[in-house]
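Q:
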Amino acid sequence: MGRYRKILVAVDGSDSSKNAFRQACRIARQDASWITVITTIPFYQDLFQMPSIREKVSKTLREDGEKVLSEVKKIADQEDAFIRPILEEGNPVDSISDMAEENNFDLIVMGRHGKSRLERALVGSVTARVIGHTTKDVLVVPNNSSVGWDSILISTDGSKFSEAATAKAIDLAGSYEGKLKTVSVIDVTEEFQSEAPGAVEELIKKAKEIVDDVKKKAEAEG
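The sequence shown begins at 359 in the working numbering and counts up by one.
Here it is as structure tokens:
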């Protein structure tokens, strides 16, 4: 069944990533899972600066990363969670993806936003690229939100990607005894609807068939 036993949480010091970590702790406590926490600092190398300056900047970056992990450890203590903290240097997408693949994690947990406007853009980009790079499940947790499996919504368009997501959702619902809801959305303009009402009806019919197919698969799994 679809319970997660090895969880990798990517943190960057933002409130969103701290909340994502807290939610991961609660998932882990429920499933007796192992948690590894990773934060990645930039690899700093400016050939035009003195070695002493490069060392000072690198030290500052490492101290920032260690501070992030220290803050996460405090949350772990509050949540009665045991963690393995890891500080990596380099590209965060590569660090997170490689760590998950090489150590066979079941789930990657990430926050959705960074602290500043620039960090929000970077974190959003990192999250999207991790999803595109890894074969592992990725749970993206918005700030000030909680995670639960009591009610799961499946958004599907019938593609092979949504079919994979549907299979996972059905598995999770069965494992956690959650309820499933499914939706398939068609997006048409008023102009298209007025010009081709028959085509719109076909799209609606197809969407209903997709939803019915999900229902049948879920019922087959019990």
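Idealized CB from N, CA, C, for every residue including glycine.
(1) Give the DSSP-derived three-state secondary structure of Thr485 in the structure shown.
(2) Can you look up Thr394 in the DSSP assignment and give me helix, strand or coil?
(3) With 16 as the cutoff for other CB atoms within 10 Å, does Val581 come out buried or exposed?
(4) Taking C-alpha atoms, which residue in Ser542, Gly490 and Phe463 lies nearest to Ser391?
(5) Pull up the CB-CB distance for Pro400 and Leu419, whole angstroms please, since I reckon it's below 8 Å.
(6) Could you tell me whether the stretch 481-490 touches the stretch 435-445, where touching means 3 or more Cβ pairs closer than 8 Å?
(7) Using 8 Å as the threshold, is the stretch 501-517 in touch with the stretch 545-560, meaning 3 or more CB pairs across them?
(8) Mark Ala378 as exposed unless 16 or more other C-beta atoms lie within 10 angstroms of its C-beta, in which case mark it buried.
(9) Using the Cβ count rule (16 or more neighbours within 10 Å means buried), how would you classify Lys573?
(10) With respect to the beta strand (DSSP E) encompassing Pro584, which residues constitute its N-terminal and C-terminal limits?
(11) Go to Gly469, then tell me how far its beta strand (DSSP E) extends in each direction, as first and last residue.
(12) Just to confirm, are Ile454 and Ala368 a CB contact at a threshold of 8 Å?
(13) Cα separation between Gln381 and Ile544?
(14) In the DSSP output, which residue or residues are listed as bridge partners for Ala537?
(15) Are the CB atoms of Ile512 and Leu530 nearer to each other than 8 Å?
(16) So, for Met457: in the same chain, excluding its five sequence neighbours on each side, which residues have a beta-carbon less than 8 Å away from its beta-carbon?
(17) Could you check what DSSP says for Asp495 in three-state terms: helix, strand or coil?
(18) Pull up the distance between the alpha-carbon of Glu459 and that of Phe440, whole angstroms please.
(19) In or out: Val541 buried (at least 16 other Cβ within 10 Å) or exposed?
(20) With distances taken Cα to Cα, identify the nearest neighbour of Ile489 among Ala527, Trp507 and Ile466.
(21) On the DSSP letters alone, give me the boundaries of the alpha helix (DSSP H) that Ile385 sits inside.
A: Quick look at the numbers:
(1) Correct three-state label for Thr485: helix.
(2) Shown here, Thr394 sits in a strand according to DSSP, grouped into three states.
(3) Nothing about residue 581 can be read from this structure; the chain reaches only from 359 to 580.
(4) When C-alpha distances from Ser391 are compared across Ser542, Gly490 and Phe463, the shortest belongs to Phe463.
(5) About 6 Å separates the beta carbon of Pro400 from that of Leu419, a gap short enough to meet the 8 Å contact definition.
(6) Result no; under three Cβ-Cβ pairs closer than 8 Å.
(7) The answer is no - the stretch 545-560 does not touch the stretch 501-517, with fewer than three Cβ pairs under 8 Å.
(8) Ala378 comes out buried.
(9) Lys573 is exposed by the Cβ-count criterion.
(10) Coverage of the chain is limited to positions 359 through 580, which leaves residue 584 absent and any answer about it impossible.
(11) DSSP places Gly469 inside the beta strand (DSSP E), whose first and last residues are Leu465 to Gly469.
(12) Cβ distance < 8 Å, so Ile454 and Ala368 count as in contact.
(13) Whole-angstrom Cα-Cα distance: 33 Å.
(14) The sequence shown places Lys at residue 537, not Ala. Ser509, per the DSSP bridge assignment.
(15) Going by C-beta atoms, Ile512 is not nearer than 8 Å to Leu530.
(16) Here the set comprises Leu366, Thr394, Ile396, Ile444, Glu446 and Phe463.
(17) In this structure, Asp495 counts as strand in the three-state DSSP scheme.
(18) Computed Cα separation, rounded: 21 Å.
(19) Around the C-beta of Val541, fewer than 16 other C-beta atoms lie within 10 Å, and the residue is accordingly described as exposed.
(20) Nearest to Ile489 by alpha-carbon distance, out of Ala527, Trp507 and Ile466, is Ile466.
(21) That run of the alpha helix (DSSP H) goes Asp373 to Asp389.
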